[in-house]
């Protein structure tokens, strides 16, 4: 929000998070950070990953970016609807991931209707975006990115990943490494390197990280872990990648500038 | 411009260029692309690097990003002032790079005064930013980033590079590799890798590239070259870095997700 007043920093944006989802032949991989920045001296950690699961029937992972009050409200609406008996579709009833993405869009529009005028009065932009991925029995795994307006796009085999928040620092490594036929290991390694590069370049993105893996037709969470910076594997990625890049850089010839 | 209408792509921005300047103990390195995008089917190449030089006295390099009509107008004002005899400071008269940055800011404000209302009537944002670096006899080399409002910041030894335009994709490699004591070779290699990563992730940034190197106390352009994608050294960077990253990636252990 303060960024809007900093006309001397045109590229500054309010993205204080980074989340990425990957859809592959083998399944889905999700990674989110936990940093929320409500001002320069108030950096907190909040979970940005929510799992909806009924083993053997469906598993869905929702990642959130943007204004925390909005994204938490949307998640609350989605959870409340699981118990509602008014016939409104909910994430545990829908028969496709497309319909699940519509549920998230609808919840977002409900929160927009409730809050957007008051937010506008206070000069706060209605800023929220979501990644929703998962599998419902009878379908292949699917991955969606849902925008503040409640509309959404689906990832394709050509570009098998979607990002929200502070996405650019960590995109080159995903462009290079991820293909639809990549393994879940390659995807998990890629998103962790992508996150490491993002955290190096933007202090408002930070640990702990939530990593989730769903195997195609597993219809349950296959792996979930919370990685802090001192987690041995994250340390391996962080230090190993830095060392490898330095060596790769040194291995390239010097430019002919003399 | 069309990006402003695409509410479904919140992170889309109008940056259709990427320029970077580096200031080191040994001197200065500059790199700019040449792509200008005036619409999806109208991608052209325009030089974004302008050199002001009087050997043994001063050398300055100006890089531009943003609305091409605005940035070309600013460069035209700066050049016209070199011949004006009305006492307005110009880049060939000023006795410091700080005063040179003020010249660029003044020219930008003059263009703003002339054009901004008409642009606004047509829904066009006054979008322009500049990197100015160089050395004036009697001073060390200095590097500035000048914003659309005409104000500016100076690079410091802590962060010896400045970027304009589509800056995020190519920032991680600069963060990792560049220090104030780095050599000019390391800086040139870093900015070329940074540009290569940016071009891979954003099609609106493209060749040919302008590379310029200024040696401390050389007070003249040390090296200038135009690199197209088929330039042997750019090919070496493009292919070599891709291969090295793939090898570095493969060298890291698989994540413990099984």
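Chains as they are written, first to last, in the working numbering: chain A, 1 to 258; chain B, 1 to 258. Every residue, glycine too, gets a C-beta built ideally from N, C-alpha and C.
Counting C-beta neighbours from all protein chains within 10 Å, is the total for residue i 16 or more, i.e. buried, or is it exposed?
{"i": "residue 112 (chain B)", "result": "buried"}
{"i": "residue 229 (chain B)", "result": "exposed"}
{"i": "residue 181 (chain B)", "result": "exposed"}
{"i": "residue 235 (chain B)", "result": "exposed"}
{"i": "residue 171 (chain B)", "result": "buried"}
{"i": "residue 209 (chain B)", "result": "buried"}
{"i": "residue 120 (chain B)", "result": "exposed"}
{"i": "residue 133 (chain A)", "result": "buried"}
{"i": "residue 257 (chain A)", "result": "buried"}
{"i": "residue 196 (chain A)", "result": "buried"}
{"i": "residue 231 (chain A)", "result": "buried"}
{"i": "residue 81 (chain B)", "result": "buried"}
{"i": "residue 87 (chain B)", "result": "exposed"}
{"i": "residue 90 (chain A)", "result": "buried"}
{"i": "residue 165 (chain A)", "result": "buried"}
{"i": "residue 123 (chain A)", "result": "exposed"}
{"i": "residue 247 (chain B)", "result": "exposed"}
{"i": "residue 250 (chain A)", "result": "exposed"}
Which residues of chain A have a Cβ atom closer than 8 Å to the Cβ of residue i, listed in chain order?
{"i": "residue 223 (chain B)", "result": "257 and 258"}
{"i": "residue 261 (chain B)", "result": "This structure cannot speak to residue 261 (chain B), because chain B is shown only from 1 to 258."}
{"i": "residue 201 (chain B)", "result": "168, 171, 172 and 175"}
Ends of the beta strand (DSSP E) at residue i?
{"i": "residue 135 (chain A)", "result": "128-136"}
{"i": "residue 257 (chain B)", "result": "It is not in any beta strand (DSSP E) - residue 257 (chain B) carries neither H nor E in the DSSP assignment."}
{"i": "residue 169 (chain B)", "result": "No beta strand (DSSP E) contains residue 169 (chain B), which DSSP labels as neither H nor E."}
{"i": "residue 162 (chain B)", "result": "161-165"}
{"i": "residue 18 (chain B)", "result": "18-23"}
{"i": "residue 217 (chain A)", "result": "Looking at the DSSP string, residue 217 (chain A) is not in any beta strand (DSSP E), and its letter there is neither H nor E."}
{"i": "residue 145 (chain B)", "result": "142-146"}
{"i": "residue 64 (chain B)", "result": "58-66"}
{"i": "residue 154 (chain B)", "result": "152-154"}
{"i": "residue 53 (chain A)", "result": "49-54"}
{"i": "residue 27 (chain B)", "result": "27-32"}
What separation, rounded to the nearest whole angstrom, lies between the Cα atoms of residue i and residue j?
{"i": "residue 141 (chain B)", "j": "residue 173 (chain A)", "result": "34 Å"}
{"i": "residue 60 (chain B)", "j": "residue 145 (chain A)", "result": "45 Å"}
{"i": "residue 66 (chain A)", "j": "residue 129 (chain A)", "result": "6 Å"}
{"i": "residue 47 (chain A)", "j": "residue 34 (chain A)", "result": "5 Å"}
{"i": "residue 223 (chain B)", "j": "residue 31 (chain B)", "result": "12 Å"}
{"i": "residue 216 (chain A)", "j": "residue 183 (chain A)", "result": "12 Å"}
{"i": "residue 225 (chain A)", "j": "residue 22 (chain A)", "result": "16 Å"}
{"i": "residue 115 (chain A)", "j": "residue 147 (chain B)", "result": "34 Å"}
{"i": "residue 127 (chain A)", "j": "residue 241 (chain A)", "result": "33 Å"}
{"i": "residue 205 (chain B)", "j": "residue 27 (chain A)", "result": "33 Å"}
{"i": "residue 85 (chain A)", "j": "residue 211 (chain A)", "result": "33 Å"}
{"i": "residue 193 (chain A)", "j": "residue 83 (chain B)", "result": "53 Å"}
{"i": "residue 198 (chain A)", "j": "residue 202 (chain B)", "result": "17 Å"}
{"i": "residue 214 (chain B)", "j": "residue 58 (chain B)", "result": "11 Å"}
{"i": "residue 175 (chain B)", "j": "residue 161 (chain B)", "result": "9 Å"}
{"i": "residue 62 (chain B)", "j": "residue 29 (chain B)", "result": "12 Å"}
{"i": "residue 53 (chain B)", "j": "residue 169 (chain B)", "result": "31 Å"}
{"i": "residue 150 (chain B)", "j": "residue 158 (chain A)", "result": "42 Å"}
{"i": "residue 139 (chain B)", "j": "residue 252 (chain A)", "result": "33 Å"}
{"i": "residue 16 (chain A)", "j": "residue 189 (chain A)", "result": "22 Å"}
{"i": "residue 74 (chain A)", "j": "residue 102 (chain B)", "result": "48 Å"}
{"i": "residue 167 (chain B)", "j": "residue 72 (chain A)", "result": "31 Å"}
{"i": "residue 245 (chain A)", "j": "residue 100 (chain A)", "result": "40 Å"}
Interface residues of chain B around residue i at Cβ under 7 Å?
{"i": "residue 188 (chain A)", "result": "255 and 257"}
{"i": "residue 233 (chain A)", "result": "255 and 256"}
{"i": "residue 197 (chain A)", "result": "172"}
{"i": "residue 213 (chain A)", "result": "257"}
How would you list, in chain order, the residues of chain E whose beta-carbon sits under 7 Å from the beta-carbon of residue i?
{"i": "residue 226 (chain A)", "result": "Included in the structure are the protein chains A and B, with no chain E among them."}
Return the first residue and the last residue of the alpha helix (DSSP H) that residue i is part of.
{"i": "residue 225 (chain A)", "result": "Careful: residue 225 (chain A) lies outside any alpha helix (DSSP H), inside the beta strand (DSSP E) at 221-227."}
{"i": "residue 251 (chain B)", "result": "232-251"}
{"i": "residue 92 (chain B)", "result": "Here residue 92 (chain B) belongs to no alpha helix (DSSP H), and DSSP marks it neither H nor E."}
{"i": "residue 186 (chain B)", "result": "184-201"}
Below 9 Å on C-beta distance, what does residue i contact in chain A?
{"i": "residue 249 (chain B)", "result": "173, 176, 177, 186, 189, 190, 193, 241 and 244"}
Cβ closer than 7 Å: which chain A residues qualify as neighbours of residue i?
{"i": "residue 237 (chain B)", "result": "252"}
Is any heavy atom in the ligand GTP found nearer than 8 Å to the beta carbon of residue i?
{"i": "residue 185 (chain A)", "result": "In the structure shown, the ligand GTP is absent, as is every other ligand, since no ligand is present at all."}
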